[in-house]
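Enquirer:
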Amino acid sequence: MAYHRFDAVIVGAGGAGLMAAIQLAGKANIAVVSKLYPPRSHTGAAQGGISAALGNTEEDHWQWHMFDTVKGGDYLVDQDAAEVLAREAVDAVLELEHMGLPFNRTPDGRIDQRRFGGHTRNFGEGPVRRACYAADRTGHMIIQTLYQQGIKHNVNFLDEHHLIDLLFTDDGIACGCVTYEVKTGEIHTVHAKTVLVATGGYGRVWKITSNAMAGTGDGMAAAYRRGVPLMDMEFYQFHPTGIYKLGVLLSEAARGEGGILRNGDGEAFAARYAPTLGDLAPRDMVSRFIYQEVKEGRGVNGEDYVYLDLTHLPPELIDEKLPDITDFARTYLGVEPKTEPIPIQPTAHYAMGGIPTDIEGRVIRDELATPIPGFYAAGESACVSVHGANRLGTNSLVDLVVFGRRAGKHMLGFIEGNALPPLPTDPEFAARAQLADILSRPKGIRATEIREEMQELMMDKVSVVRDAAGMTAAKERIGELRRAFANCAIDDKGTTYNTDLLEAHELGCMLDCAEATIEGALARTESRGGHYRDDYPNRDDANWLAHTLVYRGSGGLEMRKKPVTITEFQPKERKY
Amino acid sequence: MEYTLRIKRYNPDQDVKPAFKEYTLDLAPTDRVLDGLNQIKWNHDGSLTYRRSCGHGVCGSDAMRINGRNRLACKVLMQELGRRVTIEPLIGYAVVKDLVVDMDQFFASYKAVKPYLIADDSPSAGERRQSPAQRERFDDTTKCILCAACTTSCPITWTNENFVGPAAIVNAHRFIFDSRDQGGAERLRILNGQSGVWRCRTVFNCTDACPRGIEVTKAIEEVKRALLYEQVV
Ligand SMILES: Cc1cc2nc3c(=O)[nH]c(=O)nc-3n(C[C@H](O)[C@H](O)[C@H](O)COP(=O)(O)OP(=O)(O)OC[C@H]3O[C@@H](n4cnc5c(N)ncnc54)[C@H](O)[C@@H]3O)c2cc1C
Ligand code: SF4
Ligand code: FES
Chain A
3 MAYHRFDAVI VGAGGAGLMA AIQLAGKANI AVVSKLYPPR SHTGAAQGGI
53 SAALGNTEED HWQWHMFDTV KGGDYLVDQD AAEVLAREAV DAVLELEHMG
103 LPFNRTPDGR IDQRRFGGHT RNFGEGPVRR ACYAADRTGH MIIQTLYQQG
153 IKHNVNFLDE HHLIDLLFTD DGIACGCVTY EVKTGEIHTV HAKTVLVATG
203 GYGRVWKITS NAMAGTGDGM AAAYRRGVPL MDMEFYQFHP TGIYKLGVLL
253 SEAARGEGGI LRNGDGEAFA ARYAPTLGDL APRDMVSRFI YQEVKEGRGV
303 NGEDYVYLDL THLPPELIDE KLPDITDFAR TYLGVEPKTE PIPIQPTAHY
353 AMGGIPTDIE GRVIRDELAT PIPGFYAAGE SACVSVHGAN RLGTNSLVDL
403 VVFGRRAGKH MLGFIEGNAL PPLPTDPEFA ARAQLADILS RPKGIRATEI
453 REEMQELMMD KVSVVRDAAG MTAAKERIGE LRRAFANCAI DDKGTTYNTD
503 LLEAHELGCM LDCAEATIEG ALARTESRGG HYRDDYPNRD DANWLAHTLV
553 YRGSGGLEMR KKPVTITEFQ PKERKY
Chain B
8 MEYTLRIKRY NPDQDVKPAF KEYTLDLAPT DRVLDGLNQI KWNHDGSLTY
58 RRSCGHGVCG SDAMRINGRN RLACKVLMQE LGRRVTIEPL IGYAVVKDLV
108 VDMDQFFASY KAVKPYLIAD DSPSAGERRQ SPAQRERFDD TTKCILCAAC
158 TTSCPITWTN ENFVGPAAIV NAHRFIFDSR DQGGAERLRI LNGQSGVWRC
208 RTVFNCTDAC PRGIEVTKAI EEVKRALLYE QVV
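Set out below in structure tokens:
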């Protein structure tokens with residue numbers, strides 16, 4: 003075992019974790035724990051852009067951005083948080099530029115901006131250019147820039163350390179975490195005054211996903227296992243344009259730059275459903291349009307996909323603004339986007355839900371928003387909630403930098419005002435037991451079998467369109483898979499770089515996330531944003547203008563409702 | 008279709024030296040090499056070890072030698088490779104296990120060139136201005152994903168462990184030619200030293216290896232020229 007002591011431990015080196023780390027670097031003794039080398043984090047895969055009402059190419063205001071965020075989230079957004087997001091986005095994007103982020107530029111040298119789904123001028127009149135971008139690798143530039151800043155500020159990186167457990171004192175105060183060093187198999191206790199979880203999403207729960215293989219919900223599961231609730235897990239976004247069968251994302255920027263979705267008859271169908279925004283309607287809607295087209299037999303060749311058509315765009319524009327994603331189409335499909343349409347289908351993309359926090363990034367334990375001292379979360383693993391029932395494109399990257407920054411700053415204050423809490427007795431016990439359990443079984447079911455069945459089940463029953471019958475069946479089957487997981491065995495029992503063991507551990511985390519997702523989705527008897535139920539097709543504000551909190555206690559699962567904060571914008575029907 | 012993957016395996020816990028193992032798999036021609044590795048790991052032998060994450064060539068985890076060339080396993084399809092495919096770890100860094108090599112030195116070299124914007128004139132309001140042409144000047148080298156394919160394909164790195172290697176130079180280039188940066192002189196001093204750019208013999212292996220299509224050799228040449236003619240500083 004190894005023991006470390008820090009003021010703050012940040013788990014996750016994506017955009018959210020690194021943004022927090024940079025606030026603390028040089029001012030407190032911190033460590034950043036990451037199972038991947040930081041620049042490999044999935045933030046690097048983000049393509050299209052990061053929104054801020056800079057107004058560089060046309061008039062824009064943060065209030066418009068706030069409104070779009072609230073409406074895009076189908077009014078489940080906490081509006082105090084959306085205000086912070088939209089206001090501070092401007093400053094955060096400028097800060098990224100000051101750190102060196104190479105944004106694309108306007109002719110007069112300002113940060114260039116482009117259109118993205120659901121972002122509008124003057125409270126919904128028409129599309130606005132709000133997304134700041136660096137070609138179609140905005141996330142790559144963000145992760146590189148933040149990692150560079152981490153190096154500049156001598157941040158202490160614990161690379162290739164896998165979080166296994168979070169530590170709390172007997173009084174429920176956060177006091178560190180337990181990690182597994184991948185290279186050596188050594189267990190580390192990281193003792194700290196504050197802990198931030200920023201471990202990203204859990205898209206790997208579904209068969210078709212845009213998420214990296216590391217997107218297994220580890221931090222959410224670790225918190226959930228320690229009695230922390232998960233909020234709004236039923237809201238999981240399916241992005242309309244994943245590469246057919248592979249799930250790799252083709253950014254909405256393709257449509258922002260003029261790309262069109264076409265069904266098997268060649269018809270540009272989106273405008274039929276959303277007359278004002280058409281192809282640039284929010285993602286949850288566009289995914290449902292595709293689902294509907296396919297269901298009514300208008301998929302390409304009657305199959306379960308449609309086309310993203312860029313063939314009418316100027317070839318120079320494709321090369322300049324969409325180089326990477328068109329390269330994906332060439333590499334993985336052998337399709338030349340300049341002359342042929344690209345087969346796409348909705349792909350599991352983004353968790354609106356997660357570990358509940360307040361606007362300072364403090365994790366809260368209940369519907370009264372009681373903070374857990376010293377415990378913070380940010381980024382996709384957290385739920386503030388600025389995305390409500392559906393996240394707008396580009397708003398995740400904003401969320402990372404705005405709330406990563408806020409969390410980091412708040413942690414600094416907490417560190418100054420508080421002593422290091424004691425560790426619980428035998429802090430590594432639970433982590434060791436978890437791993438030893440998997441390692442000890444000489445024979446058993448392969449993790450692969452469980453994982454593949456879970457992924458198909460979730461795709462089939464808990465994706466774009468849901469109903470009670472399907473989800474009840476899914477719930478039961480996930481329960482059985484969890485029991486099967488308790489008997490799974492692995493081949494590799496060694497201590498050196500044992501990814502067999504870690505993949506099994508990740509499967510356990512995914513099963514937890516799947517369970518919480520289904521629990522929320524079954525309870526919520528309405529349709530809102532990314533959660534659409536055939537059996538309850540309408541939004542039900544009377545009963546469900548509320549967040550869900552799912553707890554796993556000793557007596558099973560518990561569900562509570564938490565009120566939504568509404569300040570400026572009263573809920574209205576969402577039309578585009 | 009049937010493919011045979013010959014993989015160089017080494018587990019320090021039990022093996023004295025590396026040895027090839029063959030796996031015959033049923034894969035689609037459009038499957039990635041990474042799909043082949045996953046199929047082995049998930050269905051046959053869970054101890055097969057490699058790094059991976061994004062699965063589509065943007066995170067830089069899975070550079071390895073595939074039929075003798077450094078490639079990303081997630082960016083090469085089986086159909087490009089023939090029916091027998093040889094897979095080995097990158098050369099030049101110690102093997103940790105199977106296809107995983109120790110990246111410490113790679114990241115140390117990267118850090119040595121000060122890969123971050125150096126600029127004192129932090130503007131108080133608004134962004135620093137940069138024209139599209141100035142931005143374009145260093146676009147190519149911003150694409151680097153730190154996969155190490157270039158550095159581990161370079162014969163100079165194999166024999167001289169102090170050479171910073173192409174990837175570090177690419178990342179220095181990214182800042183030296185950024186109009187906003189003021190640290191060019193510092194970085195050029197570092198690259199002018201013993202282990203710097205002059206070690207490069209223009210073999211072009213790095214450019215061939217780069218999965219991001221970065222013109223690595225050209226970037227190195229531009230840094231050399233900047234040193235000779237003090238272009239930037
Ligand atoms: C293909 C794609 C394109 C996207 N494009 C956009 C876009 O254009 N605009 C936008 O706003 N959003 C976009 N998104 C969404 C956005 O990129 C993500 O939501 C966001 O980057 C998540 O950042 P994060 O910091 O929360 O987590 P991540 O960047 O996913 O980082 C998670 C970190 O946690 C670490 N970690 C995870 N588990 C463990 C563990 N057990 N132990 C230790 N460390 C762990 C990882 O190593 C990693 O460092 C896109 C997403 C995808 C998938
Ligand atoms: S320059 Fe290319 S090959 Fe070298 S590390 Fe960067 S991306 Fe990889
Ligand atoms: S897995 Fe990310 S580059 Fe191959």
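Residue numbers (the working numbering), protein chains in the order written: chain A, 3 to 578; chain B, 8 to 240. C-beta: ideal position from N, C-alpha, C; glycine also. On a predicted model such as this, the values are computed, not experimentally measured, just so you know.
Could you tell me which residues DSSP puts in a beta bridge with F377 of chain A?
Expert: Here residue 377 of chain A refers to the residue found at position 375 when the first sequence is read from its first residue. According to DSSP, F377 of chain A bridges with A:V197.
Enquirer: Measure the alpha-carbon distance for V240 of chain B versus L84 of chain B and round it to whole angstroms.
Expert: Along the second sequence, read from residue 1 onward, the residue named residue 240 of chain B stands at position 233. Along the second sequence, read from residue 1 onward, the residue named residue 84 of chain B stands at position 77. Any answer about V240 of chain B is weak, because its pLDDT of 46 lies below 50 and its placement is not dependable; what the coordinates show is given next. Taking the straight line from one Cα to the other gives about 44 angstroms.
Enquirer: Could you confirm whether any beta carbon from chain B is found closer than 8 angstroms to the beta carbon of G356 of chain A?
Expert: By 1-based counting over the first sequence, the position of residue 356 of chain A is 354. It does not; no Cβ of chain B falls within 8 angstroms.
Enquirer: Comparing the C-beta of I320 of chain A with each C-beta of chain B, is any distance below 8 angstroms?
Expert: Taking the first sequence and counting its residues from 1, one reaches residue 320 of chain A at position 318. Answer no: the Cβ-Cβ gap between I320 of chain A and chain B never drops below 8 angstroms.
Enquirer: So L263 of chain A and A270 of chain A are in contact, right, with Cβ under 8 angstroms, and what is the actual spacing, rounded?
Expert: As a position in the first sequence, residue 263 of chain A is number 261, starting the count at 1. As a position in the first sequence, residue 270 of chain A is number 268, starting the count at 1. Correct: roughly 7 angstroms between the Cβ atoms.
Enquirer: State yes or no: is the beta carbon of L153 of chain B nearer than 8 angstroms to at least one beta carbon in chain A?
Expert: As a working note, residue 153 of chain B is residue 146 in the second sequence. So yes, L153 of chain B belongs to the interface.
Enquirer: Could you check which residue in B:P173, B:V210 and B:Q189 has the C-alpha nearest to that of L198 of chain B?
Expert: Counting from 1 along the second sequence, the entry for residue 198 of chain B is found at position 191. Out of B:P173, B:V210 and B:Q189, B:P173 has the C-alpha closest to the C-alpha of L198 of chain B.
Enquirer: The stretch 40–64 of chain B: which residues have C-beta closer than 7 angstroms to a C-beta of chain A, in chain order?
Expert: Cβ contacts with chain A come from W49, N50, D52, G53, S54, T56, R59, S60, C61, G62 and H63.
Enquirer: For E99 of chain A and chain B, any beta-carbon pair shorter than 8 angstroms?
Expert: Taking the first sequence and counting its residues from 1, one reaches residue 99 of chain A at position 97. Taking Cβ atoms only, chain B reaches closer than 8 angstroms to E99 of chain A, which makes this a yes.
Enquirer: In the DSSP assignment, find the alpha helix (DSSP H) that holds F431 of chain A and state where it starts and stops.
Expert: Translated into positions along the first sequence, residue 431 of chain A becomes position 429. Looking at the DSSP string, the run of the alpha helix (DSSP H) that includes F431 of chain A is F431 to S442.
Enquirer: A94 of chain A and R407 of chain A: beta carbons closer than 8 angstroms?
Expert: Working through the first sequence from its first residue, we reach residue 94 of chain A at position 92. Working through the first sequence from its first residue, we reach residue 407 of chain A at position 405. The answer is yes: Cβ separation under 8 angstroms.
Enquirer: Assign L160 of chain A to one of three DSSP states: helix, strand, or coil.
Expert: For the purposes of this step, residue 160 of chain A is identified with residue 158 of the first sequence, where counting begins at 1. Correct three-state label for L160 of chain A: strand.
Enquirer: Flag Q137 of chain B as yes if its beta-carbon sits less than 8 angstroms from any beta-carbon of chain A, otherwise no.
Expert: Residue mapping note: residue 137 of chain B aligns to position 130 of the second sequence, counting from 1. Chain A, which has a Cβ nearer than 8 angstroms to the Cβ of Q137 of chain B, makes this yes.
Enquirer: Compute the Euclidean distance between the alpha carbons of M3 of chain A and A435 of chain A, then round it to the nearest angstrom.
Expert: As a working note, residue 3 of chain A is residue 1 in the first sequence. As a working note, residue 435 of chain A is residue 433 in the first sequence. So the two alpha carbons sit approximately 14 angstroms from each other.
Enquirer: For the alpha helix (DSSP H) holding G522 of chain A, just list the boundary residues, first then last.
Expert: Taking the first residue of the first sequence as position 1, residue 522 of chain A is located at position 520. Element bounds for G522 of chain A: T501 to A525.
Enquirer: Can you pull the chain A neighbours of P96 of chain B, defined as C-beta to C-beta under 9 angstroms?
Expert: By 1-based counting over the second sequence, the position of residue 96 of chain B is 89. Within 9 angstroms Cβ-Cβ: nothing; P96 of chain B doesn't reach chain A, min ~12 angstroms.
Enquirer: When you compare the stretch 413–430 of chain A with the stretch 488–501 of chain A, are there three or more beta-carbon pairs, one atom per stretch, that lie closer than 8 angstroms?
Expert: With a cut-off of 8 angstroms, the stretch 488–501 of chain A and the stretch 413–430 of chain A do not count as touching, because too few Cβ pairs lie within range.
Enquirer: Starting from the Cα of R484 of chain A, find the closest Cα among A:C511, A:D462, A:R526 and A:V388 and give me that residue.
Expert: Translated into positions along the first sequence, residue 484 of chain A becomes position 482. Closest by alpha carbon: A:C511.
Enquirer: For a contact defined as C-beta to C-beta under 7 angstroms, what are the partners of Y30 of chain B on chain A?
Expert: Counted from its first residue, the second sequence places residue 30 of chain B at position 23. Per Cβ cutoff of 7 angstroms: no residues; Y30 of chain B is ~14 angstroms from chain A at best.
Enquirer: Cβ of I12 of chain A within 8 angstroms of Cβ of A27 of chain A?
Expert: Here residue 12 of chain A refers to the residue found at position 10 of the first sequence. Here residue 27 of chain A refers to the residue found at position 25 of the first sequence. Not a contact, by the Cβ cut-off of 8 angstroms.
Enquirer: Assign Q112 of chain B to one of three DSSP states: helix, strand, or coil.
Expert: In the second sequence, the residue the question calls residue 112 of chain B occupies position 105. The answer is helix: DSSP assigns Q112 of chain B an H, G or I state.
Enquirer: How would you write the range of the alpha helix (DSSP H) that E97 of chain A sits in, first residue to last?
Expert: Numbered from 1 along the first sequence, position 95 holds the residue referred to as residue 97 of chain A. E97 of chain A -> alpha helix (DSSP H) spans Q81 to M101.
Enquirer: For the alpha helix (DSSP H) containing H67 of chain A, list its first residue and its last residue.
Expert: Residue numbering aside, residue 67 of chain A sits at position 65 when the first sequence is read from its first letter. That run of the alpha helix (DSSP H) goes W64 to G74.
Enquirer: Does the CB of F330 of chain A have a neighbour CB from chain B at under 8 angstroms?
Expert: On the first sequence, position 328 is the one that residue 330 of chain A refers to. Yes - at least one Cβ of chain B is within 8 angstroms of the one on F330 of chain A.
Enquirer: Check whether the stretch 79–96 of chain B touches the stretch 25–38 of chain B, taking contact to mean three or more Cβ pairs, one atom from each stretch, closer than 8 angstroms.
Expert: The stretch 79–96 of chain B is in contact with the stretch 25–38 of chain B.
Enquirer: Going by DSSP in three states, V240 of chain B sits in which element: helix, strand or coil?
Expert: Indexing the second sequence from 1 puts residue 240 of chain B at position 233. The predicted model places V240 of chain B with a pLDDT of 46, which falls under 50 and marks its position as unreliable, so this point remains unresolved.
Enquirer: Y499 of chain A and V103 of chain B: beta carbons closer than 8 angstroms?
Expert: Locating residue 499 of chain A in the first sequence gives position 497, where the first residue counts as 1. Locating residue 103 of chain B in the second sequence gives position 96, where the first residue counts as 1. Yes, Cβ-Cβ distance for Y499 of chain A and V103 of chain B is below 8 angstroms.
Enquirer: Does the Cβ of D220 of chain A lie closer than 7 angstroms to at least one heavy atom of ligand 1?
Expert: As a first step, residue 220 of chain A is located in the first sequence; it is residue number 218 there, counting from the start. Yes - ligand 1 has a heavy atom lying nearer than 7 angstroms to the Cβ of D220 of chain A.
Enquirer: Determine contact between the stretch 44–63 of chain A and the stretch 553–568 of chain A, defined as no fewer than three beta-carbon pairs at a distance below 8 angstroms.
Expert: These segments do not touch.
Enquirer: Would DSSP call Q104 of chain B helix, strand or coil?
Expert: For this step, residue 104 of chain B is matched to residue 97 along the second sequence. Looking at the sequence provided, one finds Lys at residue 104 of chain B rather than Gln. Here K104 of chain B sits in strand by DSSP.
Enquirer: Does the structure place the stretch 227–247 of chain A close enough to the stretch 409–418 of chain A that three or more beta carbon pairs sit under 8 angstroms?
Expert: These segments do not touch.
Enquirer: Which of the three DSSP states, helix, strand or coil, is assigned to Q201 of chain B?
Expert: Taking the second sequence and counting its residues from 1, the one referred to as residue 201 of chain B is at position 194. Coil at Q201 of chain B, not helix or strand.
Enquirer: Suppose the cutoff is 7 angstroms on Cβ atoms and the five residues either side in sequence are ignored; what does the same chain contact list for L98 of chain A look like?
Expert: As a first step, residue 98 of chain A must be located in the first sequence, where it is residue number 96. Answer for L98 of chain A: I144, T147 and V403, listed in chain order.
Enquirer: Would you grab the beta carbon distance between G152 of chain A and P284 of chain A for me? Rounded to a whole angstrom, and I think it's under 8 angstroms.
Expert: For the purposes of this step, residue 152 of chain A is identified with residue 150 of the first sequence, where counting begins at 1. For the purposes of this step, residue 284 of chain A is identified with residue 282 of the first sequence, where counting begins at 1. The pair is not a contact, with the Cβ atoms about 34 angstroms apart (cut-off 8 angstroms).
Enquirer: Between the Cα of E521 of chain A and the Cα atoms of A:E505, A:D469 and A:N489, which residue gives the shortest distance?
Expert: In the first sequence, residue 521 of chain A corresponds to position 519, counting from 1. Comparing Cα-Cα distances from E521 of chain A to each of A:E505, A:D469 and A:N489, the minimum goes to A:D469.
Enquirer: Indicate whether at least one CB of chain B lies closer than 8 angstroms to the CB of L402 of chain A.
Expert: Residue numbering aside, residue 402 of chain A sits at position 400 when the first sequence is read from its first letter. No, L402 of chain A does not count as interfacial toward chain B.
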